[in-house]
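Structure, as structure tokens:
Chains as they are written, first to last, in our numbering: chain F, 1 to 536; chain V, 1 to 536.
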């Protein structure tokens, strides 16, 4: 058996490690390199926001792993678990319901972090993350749909206001780049929608501390803030997002911003797989990793990128950036080869070359080798440097072509409408909101997970309360059975979490699970006999 | 109120009708034009197969409706129903659970046909249609995933054979173009997959009659068949597809072709909305439509394209092609304007200019104004004519650029992995197949809709039968409760239809619907007490 090096993660850390290993292990017959990634492509993160406007072809911001890594065996799978004792990685099943085991001699952990909205009520259900290509495509689809709907929902000003308000939480590089691109996109395409008055569009950046872009010097952050403000973004500093519902962003001050689009770039947590490993952890659950990039206390487990806490020679910690991850990759590859073949090991040290952030429309900020640059020159540097860093000449050519065509073509408006999940979903509501109103179409059944609701109906003598329901109870089942309109309004009395079943899904289950059907028939019967009960 | 013309359908018929109306009704203040389409783009069908290989940018084969139709109000919605008495169209809800009504003065029906696999067991569950952009993207994703999995599933030759066999049913233009593009794509990218021997790849075209391309002269059909065969496609004539399962294409002869990829371009049915209208129908449920393009017996309901049966002056019927639909569009627009403003009406007559079909890799067949052309010249004509017919200069430029880059760049391998539906699905099996086997991961619960299964377990004395189950019964629940491996094999005794619930979905429901949980606990308890019963 040839020694096998298994790399987990398809981001900068993992892909550049595999690349460096391919170079170092010239002949592929001696060693096997395996990379496990849940997507079959590498996302070039710096250009991800350009997917929002479609400036670059939707697939050009990513590179197929198989084109980058010619001598690595690529497994497009989820990692289910890591067994350090037996030295195997277990991946999710493919077409066949069997777990797949990959034994390793050396293991490189480059799993990064995950978006984690836990602890912020409603964010897991209603906020959109912005981390991978799927997130970017989903945001783009959502924006186009929101504009199209705002253009035709002319009889409901409340809904229109929600649809035309776009909020981004988090004023770091990622949030600033997203809000700049989002703002440019919706404002440039809005004139194509006759029913929309461009003055009704609001784009808001929410940031918790007193200045955006904490990564760069204050003067650059102020420059960025000015540019955003001039282009119509409301920059709200010292404003913390606390919760979200399907129709509102709820701030710590209690203020509620009506919106159907809330992007949050803020929270990230350790990857659950890293969390589950019995290995020493540092801050934020990151793996304690030596300058050699071996995880403390191990001989053949290595870590690079955002999932590792790596002490630099000066005692500071390596920041979670792509330029650090790619340089860690070459060190870890060198040290693994040294472990396999003998030789001296290297220690990771790198000071960073600088930071750049795009602000849309021919503007950016950059700190390069200590110099501060802003405006058009920074934007030109941003494009040039990242274009050269994009792996693969084919991709570079395609991107350069797209950028050229973009100079004289309007932004693309195609909505790929990626099938949104139609199954059982969760929804969050805040006190005072209506889950549904009398007269709405009955398209879902709800089960209360936590919180209370009040069911009311309009009558000759005004609104009367029919019932109050709490955790574990259902409502909305009448409309499902009768395929009709809601005959009551359900209002939320407390912070409320619901499980929501679409009519179609429920109908299939009820038709084939007699126990389920009977229990809902019983419930409907009971409520029908109590005129004051919860018919909803 | 201004007179309103409502056009239903975003294909060639509908879009070109709206375009012709915009031209004819010079001032938009006099009339309102509304187009209802379920996507926000117009699909240029002739180029759809190019999405498979990604030669053209994934969104360039479609045109955003809002860029084409500057003076039309566009509703990106599903049509729920048409009320001819009240003269309103009811569309599906958008962000708000309210049906939307659009009153009309004139109604143009351009809804086309729908793919309809009913009557062919297993095809609705397991065959892939190829009609719209979503279908093309899904097929592309599936092909890339099948190759990636075949490359790493090295211990299961049966699964590998299924993954590397690609079948297309239907040898008309659509099926031939799809099989040609699919064959070019999988064979050109296969060398990037180390684990795949290119000789193991099989691409099969199934066609029911004795020659493919019935639309063109026999000599061109033979030419196409030769080209396909030379490139490695197995063309199987007089071969009818009868059924499908998740792992096989079942032929009328009883032969079963093991495959995980079955594309069917064959059946199309009238659109359910047309079906539901109380209007006179002709062959295949199409609307009986006069040469003026008014539906028989109506004054303000018009029909164009594939949903209309239009008699030509010579007594024959207009064929369902794009060139006919676009010319019908200009006649119907003229006649609607005549009805609104007065003036003479026109009658539709058009003989067709010819037919073209691409065969991949610089080859095509064409019949243009009576001349037969094949090979490179036909391919050049195909590209030139369709590029010029593509609406919008921006799109043409992007496509011409992509075609140029494609000359020296390898095919793109990015798998956008559009979220496949994770909810309740249906599965079809044929006698003798295993639904699952002892030792498989228990990831789903099954409910039998029709058919019978036998549950067996291996023991010291060989395989013993534990139980037989039929319609309405469940199996697979033990694995769900215990999160373990299957402890029995379930074999299909007859043609079998199942409802399949993923573990995750079921767990959420069971946790929150006590009646459902109890009924499964009872079932599991009963089965545990009967050693010969169905523990699966």
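Where is the CB? At the ideal position from N, CA and C, for every residue including glycine.
Going by the beta-carbon positions, is the gap between residue 90/F and residue 6/F smaller than 8 angstroms?
-> The Cβ-Cβ distance between residue 90/F and residue 6/F does not fall below 8 angstroms.
Burial state of residue 388/V (16 or more Cβ within 10 Å) = exposed
Residue 33/V, enclosing beta strand (DSSP E) - first and last residue | 32-37
Report the rounded CA-to-CA distance for residue 364/V versus residue 383/V, giving the unit in angstroms.
-> 10 angstroms
Flag this pair as yes or no: are the beta carbons of residue 446/V and residue 474/V separated by less than 8 angstroms?
-> yes
Between residue 247/F and residue 231/F, is the Cβ-Cβ spacing less than 8 angstroms?
-> no
Within 10 angstroms of the Cβ of residue 465/V, are there 16 or more other Cβ atoms? Answer buried if so, exposed if not.
-> exposed
Check the C-beta distance from residue 362/F over to residue 346/F and give it rounded, since I have them as a contact under 8 angstroms.
-> That belief does not hold up - the Cβ atoms of residue 362/F and residue 346/F are roughly 41 angstroms apart, past 8 angstroms.
Is the beta carbon of residue 63/V sitting closer than 8 angstroms to the one on residue 170/V?
-> no
Could you tell me which chain F residues have their CB closer than 7 angstroms to the CB of residue 149/V, listed as they occur along the chain?
-> 94, 95
Just to confirm, are residue 206/F and residue 176/F a CB contact at a threshold of 8 angstroms?
-> no
Is DSSP giving residue 135/F helix, strand or coil here?
-> helix
For residue 98/F, return the contacting residues in chain V, with the cut-off set at a CB-CB distance below 7 angstroms.
-> Ordered by position in chain V, the residues that pass the 7 angstroms Cβ test against residue 98/F are 440, 441.
Do the stretch 316-327 of chain V and the stretch 122-131 of chain V make contact, defined as three or more Cβ pairs closer than 8 angstroms?
-> Not touching, per the Cβ criterion.
According to DSSP, is residue 4/V helix, strand or coil?
-> strand
Determine the chain F residues that contact residue 142/V at a beta-carbon separation under 9 angstroms, and present them in chain order.
-> By Cβ distance, chain F contributes nothing, its closest Cβ being about 11 angstroms from residue 142/V, past 9 angstroms.
Compare the C-beta of residue 248/F against all C-beta atoms of chain V and say whether one is closer than 8 angstroms.
-> no
With residue 158/F as the anchor, note down where its alpha helix (DSSP H) starts and where it stops.
-> Per DSSP, residue 158/F belongs to the alpha helix (DSSP H) from 157-163.
Which one of 358/F, 458/F, 307/F has the shortest CA to CA distance from residue 12/F?
-> The residue from 358/F, 458/F, 307/F with its alpha-carbon nearest to that of residue 12/F is 307/F.
Below 9 angstroms between beta carbons is the criterion; list the residues of the stretch 109-128 of chain F that meet it against any residue of chain V, in chain order.
-> Correct list: empty, as no residue qualifies.
Give the straight-line distance between the Cα atoms of residue 455/F and residue 469/F, rounded to the nearest whole angstrom.
-> 8 angstroms
If you drop the 5 nearest sequence neighbours on each side, which residues of the same chain put their C-beta closer than 7 angstroms to that of residue 145/F?
-> 415
Identify each residue in the stretch 36-56 of chain F for which the Cβ-Cβ distance to at least one residue of chain V is less than 8 angstroms, and report them in chain order.
-> If the cut-off is 8 angstroms between Cβ atoms, the stretch 36-56 of chain F has 39, 40, 41, 54 near chain V.
Tell me, please, whether the stretch 228-244 of chain V touches the stretch 98-115 of chain V by the rule of three or more beta-carbon pairs shorter than 8 angstroms.
-> no
Please list, in chain order, all residues of the same chain as residue 326/F whose beta carbon is under 7 angstroms from its beta carbon, the five residues on each side excluded.
-> 12, 16
Counting contacts by CB-CB distance shorter than 8 angstroms, is residue 447/F in contact with chain V?
-> yes
Determine whether the Cβ of residue 535/V lies closer than 8 angstroms to any Cβ atom of chain F.
-> Since pLDDT at residue 535/V reaches only 42, below the 50 mark, its modelled position is unreliable, and the value read off the structure follows with that caveat. No, no contact with chain F.
Residues of the stretch 188-203 of chain F with Cβ closer than 9 angstroms to any Cβ of chain C, in chain order | Note that chain C does not occur in the displayed structure, where the protein chains are F and V.
Can you pull the chain F residues whose beta carbon is under 9 angstroms from the beta carbon of residue 436/V, in chain order?
-> Near residue 436/V (Cβ distances below 9 angstroms), the residues of chain F are 97.
Using only alpha-carbon positions, find the residue among 149/F, 24/F, 344/F, 163/F that is nearest to residue 249/F.
-> Among 149/F, 24/F, 344/F, 163/F, the Cα nearest to that of residue 249/F is on 163/F.
Report the residues of the stretch 383-408 of chain V with a CB closer than 8 angstroms to any CB of chain F, ordered along the chain.
-> 394, 397, 398, 401, 405
Candidates 59/V, 297/V, 486/V, of which the one nearest residue 457/V by Cα = Ranking the options by Cα distance to residue 457/V, first place goes to 486/V.
According to DSSP, what are the bridge partners of residue 128/F?
-> 263/F
For residue 183/F, is the classification buried or exposed, using 16 other Cβ atoms within 10 angstroms of its Cβ as the cut-off for buried?
-> buried
Just mark residue 527/F as buried or exposed, buried being the case when its beta carbon has 16 or more other beta carbons within 10 Å.
-> buried
When 172/V, 369/V, 105/V, 96/V are compared against residue 84/V, the one with the closest alpha-carbon | Answer by Cα proximity: 105/V.
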